[in-house]
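The structure appears right after this line, and notes come after that.
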Ligand code: C2E
Ligand code: CA
Ligand code: CA
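Residue numbers (this note's numbering): 118 to 823.
Set out below in structure tokens:
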């Protein structure tokens, strides 16, 4: 104690306990003076003390801490008691074992709760027992570290309020201490590296990016996952060093790829909240990017929703800077339980990464699917890209694709991949050794992005903005390739229903048809597509296997030979059907009263009766050849002296020429019927030619003149 002669300097001003440096000096002197003597080192804290300060003010807070220090002095009589920092204290007890000190700490806890305003306050402590000199010269410091760790371990809620440093927690704590000691050397040795997990475009299943995930490959512990070191580095405020280390390596890898000429896709990097507090993270990333001449396009910034929820105020301007500079900023773990919706409103993001928690429950809880779908809908309405994380099964993938999710990431496609630094990037990428998933070219990425922006869940996917969710509209995205081939890129369930009703099994079958030139719907799609590309959006009819569908077609994007179009096929809503049916029945009634028969002739020489009243027989049941039908009709139903004129009038070969000569749109002739009762009656026969597709058709109507 010889060094300390001024009482004021040895004592903490607020609580009167020893200061840390004096405490450590005294412990050190004891260690030297009493080798082999046993001691118990206690590190303790009041984790929720902040709430006391907030509730009662700092002056009361300080008085409370002073009382607390007194309580410790009285509970550990004659022992060294120090205040380490705000609400953290240390005790060196040379009289009691670890177990005995736990008893004392329990009594302290009760006493704290009896103090004014202390009812809800909690104590945590880490306790280390040992003998001086046992661990060598720095045993005091090691004990201090361990006790502090045991305390923070308790604080992190491992079910124990007071943790005695012993074999069960020892390993965990030693591991963490090991990581902290080894962190900088490990970075230096290159043991900490980014692994790359492919991000896959749902429409094409090509790799459109990677996420860089930190991995620590350690000589002693093997591969260490980020869960083991990221939260630790965050707690110890070392995460900025890790993040910059990873981003530096990512920039280096991107540079290598660009230099060797392989297709290079953007890489997403993860930032922590603490990066925004401790660094000018924007500037730091810019420096690295410039050092390796990496265009901003190749780096995406991921920030978790929880980080944003906690650090909104100081993060917002930095996020804006990233966006303004042209980086994409992605919100990570969206929907994992923070105030996500506010964040969407307050920040500008480019992509929502949907938390994998929803997919974990996908097969057991139908609600999770509903939520994922609504998140995709919401994201698209706000003009954001979508990426679903943790996709492990085909079933999950198909669901996400149907909803229009733009990208997916997960074990179904690939685990995070290691770069082999002994082999050139060119070899690894071109041989597929790095990843077998083919990479998307940059120009393709723009093209597909435009297509992915369509909200398949909307009842008006061609509009942007707010609308009611419904995906009962049949939607199909077609690509016209080289102006003659159709590729169906996407369709939803409702469109699949349409395919079924037209006798086509699925999109694959549709695509097989899409390659055939003489299939009418292909020609019609291509025809409409041409017009849509020049004017933006057109409506038209598509005849699929004899069934007419109305489609509304919008041009989305072109890339070389390929052009993509969104089609919303008209859904005959019940409303529309009833209106339609009503009009049809009115028209029918009119036809019934006005005409006694209606026929349709084709230029190929066939005839079809469309309507006939009860007085006549259906000649077309006997023959469908126009000439023969006309002859039979003339003999049966036309007064014999007019039969030849009738045959001539219905000579289809000359109809078009006669119409042209007449200057009218149709031919009209009056004949008398054959049956004697009606002999006085005149009948008016009209032939109207019209074009249907490539062919001429002739509509014949017969009406009685009163
Ligand atoms: P994250 O950003 O949400 O990363 C996705 C995590 O999901 C990764 O875990 C990845 O390996 C894992 N994952 C990918 N696909 C699947 C799947 O299909 N199923 C399941 N169950 N998991 C899948 P990882 O690599 O252990 O990383 C954990 C977290 O650590 C990351 O979560 C991220 O928040 C953080 N992290 C990783 N690297 C860094 C880094 O360099 N800096 C910072 N600040 N955080 C990092
Ligand atoms: Ca991430
Ligand atoms: Ca995530």
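Ideal Cβ positions, reconstructed from N, Cα and C, are used throughout, including at glycine.
request  = Would you decide whether residue 362 is buried or exposed? Buried here means 16 or more other CB atoms lie within 10 Å of its CB.
outcome  = Against the chain shown, residue 362 aligns to sequence position 245. By the Cβ neighbour-count rule, residue 362 is buried, with 16 or more other Cβ atoms within 10 Å of its own.
task = For residue 473, I'd like the list of residues in its chain whose CB is within less than 6 Å of its CB, leaving aside the five on either flank, ordered along the chain.
result = Here residue 473 refers to the residue found at position 356 of the chain shown. Beyond the five residues adjoining it in sequence on each side, residue 473 comes within less than 6 Å, by CB distance, of 506, 507 in the same chain, given in chain order.
query = If we count the other Cβ atoms within 10 Å of its Cβ and call it buried at 16 or more, is residue 247 buried or exposed?
reply = Counting from 1 along the chain shown, the entry for residue 247 is found at position 130. Label assigned to residue 247: buried.
request  = Give every residue of the same chain whose Cβ lies closer than 7 Å to the Cβ of residue 443, excluding the five residues on either side of it in the sequence, and list them in chain order.
outcome  = Numbered from its first residue, the chain shown carries residue 443 at position 326. 413.
query = Is the Cβ-Cβ distance between residue 321 and residue 557 less than 9 Å?
reply = Within the chain shown, residue 321 is the residue found at index 204, counting from 1. Within the chain shown, residue 557 is the residue found at index 440, counting from 1. Yes; because the gap between Cβ atoms is below 9 Å, this pair is in contact.
key: By C-beta, the residues closer than 7 Å to any heavy atom of ligand 3, given in chain order   = Proximity to ligand 3 was defined by a C-beta distance below 7 Å to any of its heavy atoms, and the residues meeting it, in sequence along the chain, are 421, 449, 450, 470, 472, 473, 506.
query = Going straight from the alpha carbon of residue 732 to that of residue 767, what length do you get?
reply = The count along the chain shown starts at 1 and reaches residue 732 at position 615. The count along the chain shown starts at 1 and reaches residue 767 at position 650. Looking at the two C-alpha atoms, the distance is approximately 21 Å.
request  = Whole angstroms is fine: what's the gap from residue 430's alpha carbon to residue 550's?
outcome  = In the chain shown, residue 430 corresponds to position 313, counting from 1. In the chain shown, residue 550 corresponds to position 433, counting from 1. Looking at the two C-alpha atoms, the distance is approximately 44 Å.
task = Have a look at the DSSP bridge pairing and note the partners of residue 202.
result = As a working note, residue 202 is residue 85 in the chain shown. Paired residues: 205.
ask   = DSSP beta-bridge partners for residue 817?
value = Residue 817 sits at position 700 when you count from the first residue of the chain shown. The partner list for residue 817 (beta bridge, DSSP) reads 716, 804.
task = Helix, strand or coil for residue 388, going by three-state DSSP, please let me know.
result = Position 271 of the chain shown, counting from 1, holds the residue named residue 388. It is a strand residue.
query = Looking at the structure shown, is residue 724 part of a helix, part of a strand, or coil, going by DSSP?
reply = Walking along the chain shown from the start, residue 724 turns up at place 607. In this structure, residue 724 counts as strand in the three-state DSSP scheme.
ask   = Hey, how far is the Cα of residue 284 from the Cα of residue 426?
value = Here residue 284 is taken as the residue at index 167 of the chain shown, counted from 1. Here residue 426 is taken as the residue at index 309 of the chain shown, counted from 1. Within the model, the alpha-carbon separation for residue 284 versus residue 426 is close to 37 Å.
inquiry  = Classify residue 476: buried if its beta carbon has 16 or more other beta carbons within 10 angstroms, exposed otherwise.
reply    = Locating residue 476 in the chain shown gives position 359, where the first residue counts as 1. By the Cβ neighbour-count rule, residue 476 is buried, with 16 or more other Cβ atoms within 10 Å of its own.
query = For the putative contact between residue 593 and residue 684, defined by C-beta atoms under 8 Å, what is the C-beta separation to the nearest angstrom?
reply = In the chain shown, counting from the first residue as 1, residue 593 sits at position 476. In the chain shown, counting from the first residue as 1, residue 684 sits at position 567. Correct: roughly 5 Å between the Cβ atoms.
message = Here's the rule I'm using: 16 or more other beta-carbon atoms within 10 Å means buried, otherwise exposed. How should residue 337 be labelled?
response = Locating residue 337 in the chain shown gives position 220, counting from the first residue. By the 10 Å Cβ count, residue 337 comes out exposed.
task = Tell me whether residue 328 counts as near ligand 2, meaning its Cβ is closer than 8 Å to at least one heavy atom of that ligand.
result = In the chain shown, residue 328 corresponds to position 211, counting from 1. Yes, the Cβ of residue 328 comes within 8 Å of a heavy atom of ligand 2.
inquiry  = Helix, strand or coil for residue 158? Go by DSSP, reduced to three states.
reply    = Along the chain shown, one-based indexing puts residue 158 at 41. In the displayed model, residue 158 falls within a strand according to three-state DSSP.
request  = Assuming residue 756 contacts residue 789 (C-beta within less than 8 Å), just tell me the rounded distance between them.
outcome  = On the chain shown, residue 756 is found 639 positions in, with the first residue counted as 1. On the chain shown, residue 789 is found 672 positions in, with the first residue counted as 1. Indeed they touch by this definition, with Cβ atoms about 4 Å apart.
ask   = Do residue 712 and residue 805 have their C-beta atoms closer together than 9 Å?
value = The count along the chain shown starts at 1 and reaches residue 712 at position 595. The count along the chain shown starts at 1 and reaches residue 805 at position 688. With a cutoff of 9 Å on beta-carbon distance, residue 712 and residue 805 are scored as not near each other.
query = Residues in its own chain within less than 7 Å of residue 747 by CB, not counting five upstream and five downstream?
reply = Taking the first residue of the chain shown as 1, we reach residue 747 at position 630. Only 764, 767 meet the Cβ criterion.
inquiry  = Need the endpoints of the alpha helix (DSSP H) that residue 638 sits in, please.
reply    = Here residue 638 refers to the residue found at position 521 when the chain shown is read from its first residue. Where residue 638 is concerned, the enclosing alpha helix (DSSP H) stretches over 637-652.
query = If we ignore side chains and look at the alpha-carbon of each, how far apart do residue 190 and residue 310 end up?
reply = Looking up residue 190 in the chain shown gives position 73. Looking up residue 310 in the chain shown gives position 193. Straight-line Cα distance between these residues: approximately 49 Å.
request  = State yes or no: is the C-beta of residue 527 nearer than 8 Å to some heavy atom of ligand 1?
outcome  = By one-based count along the chain shown, residue 527 stands at place 410. The answer is yes for residue 527.
task = Provide the residue span of the alpha helix (DSSP H) that contains residue 360, from first to last.
result = Within the chain shown, residue 360 is the residue found at index 243, counting from 1. That run of the alpha helix (DSSP H) goes 356-377.
Whole-angstrom C-beta distance between residue 184 and residue 133, which should lie under 8 Å = In the chain shown, residue 133 corresponds to position 16, counting from 1. In the chain shown, residue 184 corresponds to position 67, counting from 1. Approximately 10 Å separates the beta-carbon atoms of residue 133 and residue 184; this is outside 8 Å, ruling out the contact.
query = Among 305, 294, 313, which has the Cα closest to the Cα of residue 353?
reply = Residue 353 sits at position 236 when you count from the first residue of the chain shown. Ranked by Cα distance from residue 353, the first of 305, 294, 313 is 294.
request  = Note down the Cα distance separating residue 384 from residue 187, rounded to an integer number of angstroms.
outcome  = As a working mapping, residue 384 is identified with position 267 in the chain shown. As a working mapping, residue 187 is identified with position 70 in the chain shown. The straight-line gap from Cα to Cα measures roughly 56 Å.
Where the beta strand (DSSP E) through residue 243 begins and ends = Reading the chain shown from its first residue, position 126 is the one you call residue 243. Following the DSSP letters along the chain, one finds residue 243 inside the beta strand (DSSP E) bounded by residues 241-248.
ask   = What are the start and end residues of the alpha helix (DSSP H) that includes residue 479?
value = The residue labelled residue 479 in the question sits at position 362 within the chain shown. Here residue 479 belongs to no alpha helix (DSSP H), and DSSP marks it neither H nor E.
ask   = When the Cα atoms are used, what is the spatial distance from residue 136 to residue 200?
value = Sequence index remark: in the chain shown, residue 136 carries index 19 (1-based). Sequence index remark: in the chain shown, residue 200 carries index 83 (1-based). So the two alpha carbons sit approximately 6 Å from each other.
ask   = Could you give the distance in angstroms between the alpha-carbon of residue 639 and the alpha-carbon of residue 597?
value = Counted from its first residue, the chain shown places residue 639 at position 522. Counted from its first residue, the chain shown places residue 597 at position 480. When the Cα atoms are used, residue 639 and residue 597 turn out to be separated by approximately 9 Å.
key: Segment contact, 8 Å Cβ cut-off, at least three pairs: the region 273-280 with the region 326-335   = By the criterion of at least three beta-carbon pairs nearer than 8 Å, the region 273-280 is not in contact with the region 326-335.
ask   = Any chance the region 142-154 sits against the region 255-263, with 3 or more Cβ pairs inside 8 Å?
value = With contact defined as three or more Cβ pairs closer than 8 Å, the region 142-154 and the region 255-263 are in contact.
query = Between the Cα of residue 563 and the Cα atoms of 675, 754, 467, which residue gives the shortest distance?
reply = Against the chain shown, residue 563 aligns to sequence position 446. That would be 675, whose Cα lies nearest to the Cα of residue 563.
Buried versus exposed call for residue 175 [16 or more other C-beta atoms within 10 Å across all chains shown] = Here residue 175 refers to the residue found at position 58 of the chain shown. With fewer than 16 other Cβ atoms within 10 Å, it is exposed.
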